[in-house]
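Here the working numbering is used: the first residue of the sequence shown is 2, the next is one more, and so on.
Notes follow the structure.
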Amino acid sequence: MGIITDFSSYQDMLRPNFTEEEIAHIHQLFMEYPSGVAKRKLHVVYLKALELPHQEIVRIA
C-alpha cells in the first residue's frame, strides 16, 4: 500500500508543528530568497506554519 492509502481520512493528514524560532527562520528565508519557485514554496510553508487554512493559503499564495 502507498502512503496515500495509509490515511483513513482527511483529518489524519500531516499537521506539522513549528516552534516560534522555526517560523521566524522560515519567514527570514522567504524574505531573503531570490524570486522563483523556491521562494513561492517557502511562502506556502510559512503560511502553513501560521496555521492558516488551505483555502486562505491558496488565495494568498
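Cβ coordinates follow ideal geometry from the N, Cα and C atoms, glycine included.
In this structure K49 touches I58 by the C-beta definition: roughly 6 Å separates them, less than 8 Å. Between L51 and L30, the CB-CB gap reaches or exceeds 7 Å. Only buried fits V46, as 16 or more other CB atoms lie within 10 angstroms of its CB. Note on geometry: alpha-carbon atoms of A25 and Q56 lie some 23 Å from one another.
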